[in-house]
Amino acid sequence: MLNLTHSHSRMTLSASDSPRIVLGVAGGIAAYKAVEILRRLRESGYFVSPILTPDALRFVGAVTFSALASEPVRTSLYGDPTTPIPHTYLGQNADLIVVAPATAHVIARYAMGLADDLLTATLLASRAPVLLCPAMHTEMWEQPSVQENLATLRRRGVLVMEPDDGRLAGNDSGAGRLPAPEAIVTLIEKIVRGGESSLLAGRRILVTAGGTREPIDPVRVISNRSSGKQGHALAEVAARLGARVELVTTVGTELALDVRSRIVVRRVSTAAEMAEVVFELAPSVDAIIMAAAVADFTVVPAERKLKKETGVPEVHLVATTDILLELTKRRLPGQVLVGFAAETDRVLERAVEKMRRKRCDLLVVNDVSATGVGFEHATNEVHMIDRDENVTTVSLRSKEAVSYEILSSVATLFSRGEL
Ligand SMILES: Cc1cc2nc3c(=O)[nH]c(=O)nc-3n(C[C@H](O)[C@H](O)[C@H](O)COP(=O)(O)O)c2cc1C
0 MLNLTHSHSR MTLSASDSPR IVLGVAGGIA AYKAVEILRR LRESGYFVSP
50 ILTPDALRFV GAVTFSALAS EPVRTSLYGD PTTPIPHTYL GQNADLIVVA
100 PATAHVIARY AMGLADDLLT ATLLASRAPV LLCPAMHTEM WEQPSVQENL
150 ATLRRRGVLV MEPDDGRLAG NDSGAGRLPA PEAIVTLIEK IVRGGESSLL
200 AGRRILVTAG GTREPIDPVR VISNRSSGKQ GHALAEVAAR LGARVELVTT
250 VGTELALDVR SRIVVRRVST AAEMAEVVFE LAPSVDAIIM AAAVADFTVV
300 PAERKLKKET GVPEVHLVAT TDILLELTKR RLPGQVLVGF AAETDRVLER
350 AVEKMRRKRC DLLVVNDVSA TGVGFEHATN EVHMIDRDEN VTTVSLRSKE
400 AVSYEILSSV ATLFSRGEL
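Take 0 as the starting number for the sequence shown in numbering that gives the first Met the number 0 and just add one per residue.
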């Protein structure tokens with residue numbers, strides 16, 4: 000089975016079904032390149048339903064698309080002999096809607112929620128992920144209106160492939176060129192088929208990231224230096240390896256385009272909020288990776304801002320719930336639990352002690368006092384300790400590369416559980 004998730008809904012395809020792509024083509028000079036995108040998608044085994052806007056028909060002919068597609072081109076909301084309500088039929092059955100080229104006009108209409116032709120009506124009548132491939136002259140591309148419309152759509156979960164720099168129509172050149180059909184099809188493959196490998200295909204993985212923030216009063220917080228980078232890298236790499244990911248994070252992030260539709264992001268702030276969301280999601284996942292730096296202590300916050308005029312306040316710390324320990328108690332059969340530890344001295348010794356206390360399957364420890372390691376850095380060096388207290392050291396490398404190592408170990412733990 001091939002599983003697909005995205006921010007709005009979840010669907011399951013049997014491997015024998017061809018993924019269904021709606022290919023929207025708008026009225027831009029690059030519309031002719033959509034023929035090549037269509038041809039390549041069909042060759043890769045996709046079921047492709049093209050929708051051309053009325054203006055696209057001024058640039059390219061419907062006959063070419065119909066001859067190459069899985070079903071005849073549709074261009075209108077009305078008069079379709081195969082279905083009386085084409086926009087809902089197409090939108091509800093799509094695994095992905097791609098608009099290539101996406102004109103400034105179609106982007107604006109989609110951002111506004113207009114549904115005045117079959118393409119925009121289909122975009123609105125669908126929960127499928129959407130990939131826009133804008134193409135236009137540089138002056139149009141740089142217009143604040145165009146950029147603001149795209150920002151609005153991105154915020155709503157729409158995927159936007161940046162145009163290339165290069166030759167444009169009329170001997171001009173600059174930003175706004177439609178990327179090569181091959182690059183567009185490669186991205187579509189990653190979005191629909193779930194990345195570069197099936198090491199974690201069909202798995203659901205919960206990743207936590209970032210440092211929690213415990214309010215002292217309405218303006219101040221106790222927090223830590225965790226940037227969320229390692230947790231976000233783990234989420235992206237897990238999705239790239241085929242998993243569906245729940246990312247519970249305290250930090251905002253721009254996730255990579257090819258995996259965004261496979262990662263559901265839940266934003267939290269305090270340790271208590273993180274615990275609540277993690278416990279809610281835990282029963283439905285195969286593995287939990289606790290990369291977040293969760294506060295060990297919190298405070299009952301003052302209702303009003305503490306004033307220095309009234310002297311130095313005494314802050315009474317109280318222990319938070321130990322999420323990892325609690326998870327080990329609630330663990331489902333076969334569920335893999337990965338803990339993280341940040342240490343500054345007697346690193347391995349303390350990590351082994353923590354492993355004995357927590358009884359997770361893998362403990363990833365980093366010495367945050369070392370150069371280029373841990374908080375805020377783009378790189379990390381970690382030691383992975385398993386239940387038998389075997390230590391594997393992953394030397395200094397990018398957080399993405401470290402994620403591959405951790406997730407390979409998770410995959411090994413899955414396969415051991417199945418023996
Ligand atoms: C020769 C020519 C080339 C055009 N190329 C583009 C283009 O590359 N990108 C774009 O956003 N608009 C382009 N336009 C403008 C669009 O065709 C116009 O905004 C139209 O309303 C788009 O309609 P649609 O988005 O509904 O298909 C072009 C117009 C002409 C006449």
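Even for Gly, the Cβ is constructed at its ideal location relative to N, Cα and C. The structure displayed is predicted, hence computed values, not measured ones.
Pairwise C-alpha distance: residue j and residue i
| i | j | result |
| --- | --- | --- |
| residue 242 | residue 204 | 7 Å |
| residue 286 | residue 56 | 49 Å |
| residue 149 | residue 58 | 24 Å |
| residue 398 | residue 142 | 36 Å |
| residue 140 | residue 169 | 16 Å |
| residue 128 | residue 96 | 6 Å |
| residue 50 | residue 259 | 25 Å |
| residue 390 | residue 284 | 26 Å |
| residue 172 | residue 146 | 19 Å |
| residue 159 | residue 280 | 29 Å |
| residue 268 | residue 248 | 8 Å |
| residue 109 | residue 122 | 7 Å |
| residue 236 | residue 408 | 13 Å |
| residue 347 | residue 304 | 41 Å |
| residue 39 | residue 187 | 11 Å |
| residue 324 | residue 201 | 26 Å |
| residue 392 | residue 294 | 26 Å |
| residue 415 | residue 360 | 12 Å |
| residue 419 | residue 245 | The structure shown has nothing for residue 419, since the chain only spans 0 to 418. |
| residue 31 | residue 74 | 16 Å |
| residue 161 | residue 219 | 39 Å |
| residue 197 | residue 217 | 46 Å |
| residue 76 | residue 43 | 29 Å |
| residue 17 | residue 45 | 5 Å |
| residue 9 | residue 263 | Note that residue 9 scores a pLDDT of 29, beneath 50, so its modelled location is shaky; the value from the coordinates is reported in the next line. Taking the straight line joining both Cα atoms gives about 11 Å. |
| residue 372 | residue 341 | 10 Å |
Of the listed residues the options, nearest to residue i (C-alpha basis)
| i | options | result |
| --- | --- | --- |
| residue 134 | 26, 117, 220 | 26 |
| residue 292 | 178, 146, 363 | 363 |
| residue 400 | 283, 152, 91, 232 | 232 |
| residue 19 | 191, 344, 30, 394 | 191 |
| residue 164 | 256, 179, 54 | 179 |
| residue 381 | 63, 405, 318 | 405 |
| residue 35 | 115, 182, 208 | 182 |
| residue 92 | 152, 22, 99 | 22 |
| residue 132 | 156, 151, 99 | 99 |
| residue 253 | 275, 230, 101, 240 | 230 |
| residue 53 | 119, 278, 124 | 119 |
| residue 106 | 82, 62, 78, 152 | 152 |
| residue 349 | 384, 332, 370, 337 | 384 |
Continuous beta strand (DSSP E) stretch holding residue i: start and end
| i | result |
| --- | --- |
| residue 422 | Residue 422 lies beyond the stretch modelled for the chain, which goes from 0 to 418, so this question has no answer here. |
| residue 248 | 243-248 |
| residue 173 | 172-176 |
| residue 284 | Looking at the DSSP string, residue 284 is not in any beta strand (DSSP E), and its letter there is neither H nor E. |
| residue 378 | 378-385 |
| residue 26 | First-last for residue 26: undefined, no H or E at that position. |
| residue 49 | 46-51 |
| residue 230 | Run containing residue 230: none in the beta strand (DSSP E); it sits in the alpha helix (DSSP H), 228-239. |
| residue 100 | 95-101 |
| residue 255 | Unbroken run through residue 255: none, as it is neither H nor E. |
| residue 204 | 203-208 |
| residue 262 | 262-266 |
Enclosing alpha helix (DSSP H) for residue i [first to last residue]
| i | result |
| --- | --- |
| residue 41 | 32-42 |
| residue 365 | Unbroken run through residue 365 is the beta strand (DSSP E), 361-366; no alpha helix (DSSP H). |
| residue 390 | Counting along the chain, residue 390 falls outside any alpha helix (DSSP H), though it belongs to the beta strand (DSSP E) covering 390-397. |
| residue 86 | 85-92 |
| residue 180 | 180-192 |
| residue 63 | 61-67 |
| residue 58 | 55-58 |
Residue i CB to nearest heavy atom of ligand 2 below 7 Å
| i | result |
| --- | --- |
| residue 382 | Ligand 2 is not among the ligands present in this structure, which contains only ligand 1. |
Buried versus exposed, by CB contacts within 10 Å (16 or more), residue i
| i | result |
| --- | --- |
| residue 368 | exposed |
| residue 403 | buried |
| residue 315 | exposed |
| residue 117 | buried |
| residue 273 | buried |
| residue 306 | exposed |
| residue 111 | exposed |
| residue 166 | exposed |
| residue 302 | exposed |
| residue 412 | buried |
| residue 328 | exposed |
| residue 213 | buried |
| residue 410 | buried |
| residue 37 | buried |
| residue 339 | buried |
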